[in-house]
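Residue numbers (this note's numbering): 185 to 526. One structure is given below, encoded as structure tokens.
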Ligand SMILES: [Mg+2]
């Protein structure tokens, strides 16, 4: 019976993924292991064992073909990397350390060979680097709405578990009027690289998974920077830049009950990017944070440059976020975040 055959190949696939995931982690996965992940892939559930005095942070993301990536543009390694990077960036924004990841994957059956291997090359390389072992998940054949032989789309559902000292997680809601607004790294690089990718995808086919300097294909989550901010008590609020500066700063303003003004002249615009990319390109996965004007914020955090770009203000009747242009004039900055592929 076809169902039976499907079932057998599912088991084989899962055990091959489990072998690879086991190889990807330096954390103990056997019963009685002393790490956070006490039991990984192989039983009905994973077992997590948080250390006393720490709290758990959970984030989930959907990665959908033709919404978050395109099969004809993105190498499979990049799809795997980007799925995990989004969740890692959310953990970074809250000052958490990654502990375990879970992945449910619906895959068109024709992709179960090489494409899937390459997806896991990208996923597990990043998981290994950030010590976020794959601890469980599910695998299914993607449905074909048009019937047998019709097209099917890839869907990946990621859950990430992190931990932080109890009551010390960085929130969006802690900013105060008068705080300085900072950003790590560079803005607009992901949007600029996406444009190059759309122009000539073949140029990017042979990149090594996780290659540095590719902010769209292989974004680097700012885990170390988030940890430094949280442990030093430097930031009053933080968020990661997934949708774009204009949208994500508006989220932080709303959560803190404040407004903000940003100076276009102080934005760290990535090489090849425009002001528009930097402000609303999205997917840069840098950290945006606020700190008291008296706080001693270093020029670099864990190797990444940190730039002051504006300040928090009392919320008035006007727009939440204002942009001071090159001519010194203030204009409302509407939340115009990143648009998904259509
Ligand atoms: Mg986020």
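The beta carbon of each residue, even a glycine, is placed where N, CA and C say it ideally should be.
*Would the beta-carbon of residue 464 be found less than 8 Å away from any heavy atom of ligand 1?*
Numbered from 1 along the chain shown, position 280 holds the residue referred to as residue 464. It does not: the Cβ of residue 464 is nowhere closer than 8 Å to a heavy atom of ligand 1.
_Residues near ligand 1, criterion Cβ-heavy atom distance below 7 Å_ = In chain order, the residues with a C-beta atom nearer than 7 Å to some heavy atom of ligand 1 are 273, 274, 277, 423, 424, 426.
_Do residue 367 and residue 425 count as a contact pair if the criterion is CB distance below 9 Å?_
Here the question's residue 425 lines up with position 241 in the chain shown. Here the question's residue 367 lines up with position 183 in the chain shown. A contact, by the Cβ cut-off of 9 Å.
*Are the beta-carbon atoms of residue 313 and residue 260 separated by less than 9 Å?*
Along the chain shown, read from residue 1 onward, the residue named residue 313 stands at position 129. Along the chain shown, read from residue 1 onward, the residue named residue 260 stands at position 76. It is not a contact, given that the beta carbons lie outside the stated cut-off.
*Looking at residue 351 and residue 377, is the spacing between their C-beta atoms short of 9 Å?*
Residue numbering aside, residue 377 sits at position 193 when the chain shown is read from its first letter. Residue numbering aside, residue 351 sits at position 167 when the chain shown is read from its first letter. Taking 9 Å as the Cβ cut-off, residue 377 and residue 351 do not qualify as a contacting pair.
_From 471, 442, 469, residue whose alpha carbon lies closest to that of residue 496_ = Walking along the chain shown from the start, residue 496 turns up at place 312. Closest by alpha carbon: 442.
*Quickly, what does DSSP pair residue 484 with across the bridge? List them, please.*
One-based indexing of the chain shown puts residue 484 at position 300. According to DSSP, which records beta bridges pairwise, residue 484 is partnered with 489.
*Reference residue 584, options 462, 204, 467, closest by Cα*: In the structure as shown, the chain starts at 185 and stops at 526, and residue 584 therefore has no counterpart that could be examined.
*Taking C-alpha atoms, which residue in 239, 256, 223 lies nearest to residue 383?*
Within the chain shown, the letter at position 199 stands for residue 383. Relative to residue 383, the option among 239, 256, 223 whose CA is nearest is 256.
*Taking residue 360 as the reference, which of 296, 388, 371, 421 has the closest Cα?*
Taking the chain shown and counting its residues from 1, the one referred to as residue 360 is at position 176. Residue 421 is the option with its Cα nearest to residue 360.
*Find out if the Cβ-Cβ distance for the pair residue 221, residue 278 is shorter than 9 Å.*
Position 37 of the chain shown, counting from 1, holds the residue named residue 221. Position 94 of the chain shown, counting from 1, holds the residue named residue 278. Here residue 221 is not near residue 278, since their CB atoms are 9 Å or more apart.
*From which residue to which residue does the alpha helix (DSSP H) around residue 275 run?*
Start at 1 with the first residue of the chain shown, and residue 275 comes out as number 91. 260 to 277 is the extent of the alpha helix (DSSP H) around residue 275.
*Within 10 angstroms of its Cβ, does residue 322 collect 16 or more other Cβ (buried), or is it exposed?*
The sequence position of residue 322 within the chain shown is 138, counting from 1. By the C-beta density criterion, residue 322 is exposed, having fewer than 16 other C-beta atoms within 10 angstroms.
*asked:* With H, G and I counted as helix, E and B as strand and the rest as coil, what does DSSP make of residue 374?
replied: What you label residue 374 is simply residue 190 of the chain shown in a count that begins at 1. Here residue 374 sits in helix by DSSP.
*asked:* Check this for me: beta carbons of residue 224 and residue 317, under 9 Å apart or not?
replied: Numbered from its first residue, the chain shown carries residue 224 at position 40. Numbered from its first residue, the chain shown carries residue 317 at position 133. Yes; because the gap between Cβ atoms is below 9 Å, this pair is in contact.
*residue 494 in three-state terms, based on DSSP*: The sequence position of residue 494 within the chain shown is 310, counting from 1. Residue 494 carries a strand assignment under DSSP once its states are collapsed to helix, strand and coil.
*Do you know offhand how far residue 291's Cα is from residue 354's?*
Taking the chain shown and counting its residues from 1, the one referred to as residue 291 is at position 107. Taking the chain shown and counting its residues from 1, the one referred to as residue 354 is at position 170. When only Cα atoms are considered, residue 291 and residue 354 end up about 36 Å apart.
*Would you kindly check if the distance between the Cβ of residue 468 and the Cβ of residue 331 is under 9 Å?*
Residue 331 sits at position 147 when you count from the first residue of the chain shown. Residue 468 sits at position 284 when you count from the first residue of the chain shown. The answer is no: Cβ separation not under 9 Å.
*How many Å lie between residue 444 and residue 336 at the Cα?*
Position 260 of the chain shown, counted from the start, is the residue given in the question as residue 444. Position 152 of the chain shown, counted from the start, is the residue given in the question as residue 336. Looking at the two C-alpha atoms, the distance is approximately 44 Å.
_Of the residues 501, 452, 334, the one placed nearest residue 488, counting alpha carbons only_ = On the chain shown, position 304 is the one that residue 488 refers to. Looking at the Cα atoms, 452 is the closest of the given residues.
*Around the Cβ of residue 267, are there at least 16 other Cβ atoms within 10 angstroms (buried) or fewer (exposed)?*
Here residue 267 refers to the residue found at position 83 of the chain shown. A buried status is given to residue 267, since no fewer than 16 other beta-carbon atoms sit within 10 Å of its beta-carbon.
_Any contact between the stretch 386 to 400 and the stretch 475 to 492? By contact I mean 3 or more CB pairs, one from each, below 8 Å._
Two segments are said to touch when three or more pairs of C-beta atoms, one from each, lie closer than 8 Å; by this definition the stretch 386 to 400 does not touch the stretch 475 to 492.
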